[in-house]
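Chains as they are written, first to last, in our numbering: chain S, 7 to 311; chain Z, 157 to 427.
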């Protein structure tokens, strides 16, 4: 943009123009690099280097207690893949991701649809209310779920007082509890994801369908649902990747009974100090995460185009 | 007219059912926050339902909870330093990407935004492996270094957004009139993009203040931040002090939501 101003200035001196432009361009490139360099260095030190070092660490052989042999072996990858316990952990992680994502889009879809179609003056307030929980810490929201689902919590004490159950249901400290918590915690992401994917959803199409005699159910099944499928799919992928890599909720709401990759990485890093093993689990998680994110981005780009 | 009325009534019935469904789902979405508010005023000595009475006690004892006070202090210090650092490196970098054309621009731009595509637990492990041998574990520096990469994308996104939407003609005019590059930035560009920069700074502060996993990995035993203290408290104790603290944090977040919404619109800042 600055070059256009410069070239307007130089119009009168056609001979100098080419040389001036070229030195100007070189100078601009230098300025641009100088402006970007501090951020580049900061990210290399705090982000790129730690990740590369972690990937390198995954090829060492760990002995626990922070001891490891610097070598180049696949030991840390073979171990989890040969042990049924770790297959269980990987299976739990994927199951948690799929269940949370499916349930999350089911409960988020009506809200996203409502917000997309709404023309109420309260719309902006309702949008803010739907995504504001994002800005409260996951610890606080997980704590809220512990209070609701715990043995003495809202659900169990209400059911008990109504005489429906005699012993508390194992809602907290269980896989089910973690799924309920994650569904709620990722709802704002799902709602946001859907709303940005609902671009083709046009109320006029629905009006046209119903004025041509379609009833509510067939308008929904034949018009609304097919048009919102892309948004639903992006939201599904988004919640899936967030669920498989989340740590706080499985750790707190799982009560030590729900073993997923994130809790396993934590235990190996801070408890057992088996760094190569923690690193190989992280690389596996990273590959899983990266594949789904790539899918998500391809899909999002296709929707944007 | 007489024919229209019944069909309209049937449609309204469906619309009302849909609205009730949406209301119930909103209730589910906000349930943990609502319950935390209720329990923070409950006089029950441990976490249980239903509340037997009303009390301000859980708020009154907060200042005596040294773990929370020291955690808050650590979080405020580190989140402030992170915000300043990220603004200092992020705003110039946004300017480079939005206002200059140079080889590798697209790749660098993608690199700057990429930390949000890596699970924080993976990054946290990498940081432990690098900071450990340097003797930097359990220090303010560890938390600040850990939070730079996850906050930078927010600052850059909001700043680049305001750079992209702002009109460049006044910058060009200032240049044509002979102002130097730095003068143009200070007197023309910066005032225009200020709302975006402030929104980015607020987001960076909130993200750093709320971040748990990296802080837990790199500074759990030496400099526990407020989220780390909260998590430890939730895992080990069963009283409502966490609830009252949570309410304080929720009010704090609500104020921030309003600020960000006013500045750039929440949806654009979070995406």
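Beta carbons are placed, not taken as given, at the ideal position from N, Cα and C, and that holds for glycine. Note that the coordinates shown come from a computational prediction; the quantities given were computed from them, not determined experimentally.
CB contact flag (residue i, residue j, <7 Å)
i, j, result
"residue 311 (chain Z)", "residue 246 (chain Z)", "yes"
"residue 49 (chain S)", "residue 305 (chain Z)", "yes"
"residue 64 (chain S)", "residue 245 (chain S)", "no"
"residue 231 (chain Z)", "residue 392 (chain Z)", "no"
"residue 284 (chain S)", "residue 275 (chain S)", "yes"
"residue 77 (chain S)", "residue 266 (chain S)", "no"
"residue 283 (chain Z)", "residue 260 (chain Z)", "no"
"residue 319 (chain Z)", "residue 354 (chain Z)", "no"
"residue 249 (chain S)", "residue 103 (chain S)", "yes"
"residue 419 (chain Z)", "residue 351 (chain Z)", "yes"
"residue 239 (chain Z)", "residue 360 (chain Z)", "yes"
"residue 243 (chain S)", "residue 298 (chain S)", "yes"
"residue 269 (chain Z)", "residue 309 (chain Z)", "yes"
"residue 114 (chain S)", "residue 196 (chain S)", "yes"
"residue 413 (chain Z)", "residue 138 (chain S)", "yes"
"residue 340 (chain Z)", "residue 329 (chain Z)", "no"
"residue 140 (chain S)", "residue 194 (chain S)", "yes"
"residue 122 (chain S)", "residue 60 (chain S)", "no"
"residue 67 (chain S)", "residue 79 (chain S)", "yes"
"residue 62 (chain S)", "residue 258 (chain Z)", "no"
"residue 364 (chain Z)", "residue 315 (chain Z)", "no"
"residue 286 (chain Z)", "residue 56 (chain S)", "yes"
"residue 145 (chain S)", "residue 386 (chain Z)", "yes"
"residue 292 (chain S)", "residue 278 (chain Z)", "yes"
Alpha-carbon spacing of residue i relative to residue j, whole angstroms
i, j, result
"residue 300 (chain S)", "residue 343 (chain Z)", "41 Å"
"residue 367 (chain Z)", "residue 198 (chain S)", "21 Å"
"residue 216 (chain S)", "residue 171 (chain Z)", "14 Å"
"residue 19 (chain S)", "residue 281 (chain Z)", "Per-residue confidence for residue 19 (chain S) stands at a pLDDT of 44, beneath the threshold of 50, marking its modelled position as unreliable; the derived number appears in the next sentence. Cα-Cα distance, rounded: 59 Å."
"residue 21 (chain S)", "residue 289 (chain Z)", "Unreliable positioning characterises residue 21 (chain S) in this predicted model, as indicated by a pLDDT of 48, which lies under 50. The coordinate reading is nonetheless provided below. Going by the C-alpha atoms only, they are around 60 Å apart."
"residue 165 (chain Z)", "residue 173 (chain Z)", "At residue 165 (chain Z) the pLDDT is 48, less than 50, meaning the model places this residue with poor confidence; the figure from the coordinates comes in the next sentence. Distance between the alpha carbons of residue 165 (chain Z) and residue 173 (chain Z): 13 Å."
"residue 219 (chain S)", "residue 233 (chain S)", "19 Å"
"residue 11 (chain S)", "residue 183 (chain Z)", "Summary for residue 11 (chain S): the model assigns pLDDT 41, below 50, so the residue's position carries little reliability; its value from the coordinates is reported in the next sentence. The straight-line gap from Cα to Cα measures roughly 56 Å."
"residue 271 (chain Z)", "residue 90 (chain S)", "32 Å"
"residue 409 (chain Z)", "residue 186 (chain Z)", "14 Å"
"residue 154 (chain S)", "residue 95 (chain S)", "27 Å"
"residue 267 (chain Z)", "residue 45 (chain S)", "10 Å"
"residue 336 (chain Z)", "residue 255 (chain Z)", "15 Å"
"residue 158 (chain S)", "residue 205 (chain Z)", "6 Å"
"residue 162 (chain Z)", "residue 226 (chain S)", "Since pLDDT at residue 162 (chain Z) reaches only 48, below the 50 mark, its modelled position is unreliable, and no value is offered."
"residue 221 (chain S)", "residue 177 (chain Z)", "20 Å"
"residue 402 (chain Z)", "residue 192 (chain Z)", "7 Å"
"residue 115 (chain Z)", "residue 244 (chain Z)", "Chain Z is shown from 157 up to 427; residue 115 (chain Z) falls before or after that span and cannot be answered."
"residue 97 (chain S)", "residue 373 (chain Z)", "25 Å"
"residue 261 (chain S)", "residue 265 (chain Z)", "41 Å"
"residue 167 (chain S)", "residue 207 (chain S)", "46 Å"
"residue 203 (chain S)", "residue 376 (chain Z)", "40 Å"
"residue 272 (chain S)", "residue 293 (chain Z)", "16 Å"
"residue 411 (chain Z)", "residue 135 (chain S)", "13 Å"
"residue 132 (chain S)", "residue 180 (chain Z)", "14 Å"
Proximal residues of chain S, C-beta to C-beta of residue i below 8 Å
i, result
"residue 279 (chain Z)", "53, 56 and 57"
Listed by chain order, chain Z residues near residue i by CB distance under 7 Å
i, result
"residue 299 (chain S)", "273"
"residue 271 (chain S)", "277 and 281"
"residue 158 (chain S)", "203, 204 and 205"
"residue 264 (chain S)", "Near residue 264 (chain S) there are no residues of chain Z at all, since even the closest Cβ is about 14 Å away, more than 7 Å."
"residue 193 (chain S)", "185"
For residue i: DSSP bridge partner residues
i, result
"residue 73 (chain S)", "S:70"
"residue 198 (chain Z)", "Z:210"
Within chain S, the residues that residue i reaches when beta carbons sit closer than 9 Å
i, result
"residue 182 (chain Z)", "117, 132, 135 and 136"
"residue 376 (chain Z)", "276"
"residue 386 (chain Z)", "143, 145, 146 and 149"
Proximal chain Z residues relative to residue i, where beta-carbon distance stays under 9 Å
i, result
"residue 128 (chain S)", "Result: empty, since nearest Cβ-Cβ is about 12 Å, beyond 9 Å."
"residue 174 (chain S)", "Under the 9 Å cutoff, chain Z gives no residues; its nearest Cβ is about 11 Å from residue 174 (chain S)."
Proximal chain S residues relative to residue i, where beta-carbon distance stays under 7 Å
i, result
"residue 391 (chain Z)", "258"
"residue 409 (chain Z)", "141 and 142"
"residue 256 (chain Z)", "34, 37 and 38"
"residue 349 (chain Z)", "Per Cβ cutoff of 7 Å: no residues; residue 349 (chain Z) is ~14 Å from chain S at best."
Chain Z contact residues for residue i, given Cβ-Cβ distances below 8 Å
i, result
"residue 190 (chain S)", "184, 185, 187 and 188"
"residue 120 (chain S)", "174, 175 and 178"
"residue 44 (chain S)", "244, 245, 248 and 249"
heavy atom of the ligand MN below 6 Å from residue i C-beta
i, result
"residue 347 (chain Z)", "Summarising the ligand content, the structure contains no ligands, and the ligand MN is consequently not present."
Can at least three beta-carbon pairs, one atom from the stretch 279-287 of chain S and one from the stretch 231-246 of chain S, be found at a separation below 8 Å? no
Quick test of the definition: if touching needs 3 or more C-beta pairs under 8 Å, does the stretch 104-113 of chain S touch the stretch 361-376 of chain Z? no
Taking one C-beta from the stretch 137-150 of chain S and one from the stretch 397-417 of chain Z each time, how about it: are there three or more such pairs within less than 8 Å? yes
Decide if the stretch 204-213 of chain S is in contact with the stretch 199-209 of chain Z; the criterion is three or more beta carbon pairs, one per stretch, under 8 Å apart. Contact between the stretch 204-213 of chain S and the stretch 199-209 of chain Z is not established, with fewer than three Cβ pairs separated by less than 8 Å.
Under 8 Å, with one C-beta from each stretch per pair, do the stretch 183-198 of chain Z and the stretch 206-213 of chain Z reach the 3-pair mark? yes
How about the stretch 248-258 of chain S and the stretch 179-198 of chain S: do they share at least three Cβ pairs that are nearer than 8 Å? yes
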